[in-house]
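In the UniProt record's numbering, the protein residues as written are 1 to 241.
Note that CB positions come from ideal geometry on N, CA and C, so glycine has one too.
All of these numbers come straight from a predicted model, not from anything done at the bench.
Reading through the structure tokens given below for one structure.
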């Protein structure tokens with residue numbers, strides 16, 4: 001039986017050769033292109049050499065640099081989706097992993113089909129929807145001279161410069177724009193942005209909003225677009241164009 005073909009190129013970063021081999025074989029059988037790295041040093045080399053569509057990153061790695069540090073490095077220079085894989089099923093680790101910009105977090109031992117399902121969800125959210133080749137109008141929502149292109153998954157500032165957003169940040173901003181003026185609780189935000197694929201942690205939502213504010217607010221400490229409603233949640237107050 002011929003494996004389905006995918007355009008996605010994955011990078012698996014794990015110090016356990018058995019897990020690297022297992023993930024590589026599974027995803028290659030599913031039609032993906034897969035590269036691997038045993039530690040942070042190899043990961044950095046791979047990332048300099050090629051572009052990847054997603055990184056499957058172990059939390060505990062040798063060499064004094066753990067997966068959280070590496071996730072921060074990746075996120076500082078790229079919005080490539082990151083799925084953290086770890087044997088440490090600790091709530092604090094999950095929260096911190098999501099706070100540094102990971103798109104998902106799954107504990108070992110895991111089922112390969114679940115990893116694949118979560119990966120497809122991440123990649124699907126990242127890609128623009130299929131459009132008619134001849135002409136399909138782009139869905140663009142403007143607010144305060146900013147342009148949010150939902151079809152291309154792009155955010156342009158008032159000067160026309162593209163602002164890079166992670167998958168989670170883009171989904172969060174889209175949710176706010178589509179529900180402008182409505183107070184959204186953290187639970188509602190989790191439902192609307194991730195469909196509860198992840199546990200709803202207040203700190204996770206708060207941290208993502210802090211990162212988003214840094215990218216769209218003139219003064220993140222005195223936000224004009226995304227405002228907190230004490231004891232309830234958040235509201236998007238920007239004027240829609």
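Which residues DSSP lists as bridging residue i, in chain order
{"i": "residue 236", "result": "226"}
{"i": "residue 142", "result": "147"}
{"i": "residue 162", "result": "156"}
{"i": "residue 82", "result": "55"}
{"i": "residue 210", "result": "DSSP output for residue 210 lists no bridge partner at all."}
{"i": "residue 9", "result": "33"}
{"i": "residue 106", "result": "85"}
Chain-order list of residues whose beta-carbon lies under 6 Å from that of residue i (same chain, five-residue window excluded)
{"i": "residue 147", "result": "140 and 156"}
Whole-Å CB distance - residue i paired with residue j, under 8 Å assumed
{"i": "residue 101", "j": "residue 166", "result": "6 Å"}
{"i": "residue 85", "j": "residue 119", "result": "Actually they do not touch by this definition, with Cβ atoms about 11 Å apart."}
{"i": "residue 83", "j": "residue 122", "result": "7 Å"}
{"i": "residue 62", "j": "residue 39", "result": "6 Å"}
{"i": "residue 192", "j": "residue 218", "result": "About 26 Å; that fails the 8 Å criterion."}
Outcome for residue i when other beta-carbon atoms lying within 10 angstroms are tallied against a minimum of 16
{"i": "residue 145", "result": "exposed"}
{"i": "residue 13", "result": "buried"}
{"i": "residue 117", "result": "exposed"}
{"i": "residue 109", "result": "exposed"}
{"i": "residue 216", "result": "buried"}
{"i": "residue 19", "result": "buried"}
Close Cβ partners of residue i (< 8 Å) along its chain, the five nearest in sequence each way excluded
{"i": "residue 229", "result": "183 and 235"}
{"i": "residue 271", "result": "One cannot answer for residue 271 here, as it falls past the ends of the chain, which runs 1 to 241."}
{"i": "residue 210", "result": "220"}
{"i": "residue 181", "result": "235, 236 and 237"}
Would the stretch 69-87 count as touching the stretch 39-53 if we require 3 or more Cβ pairs under 8 Å?
Enough Cβ pairs lie closer than 8 Å, so yes.
Determine, using beta-carbon pairs with one atom in the stretch 6-25 and one in the stretch 33-40, whether at least three such pairs fall under 8 Å.
Yes, the stretch 6-25 touches the stretch 33-40.
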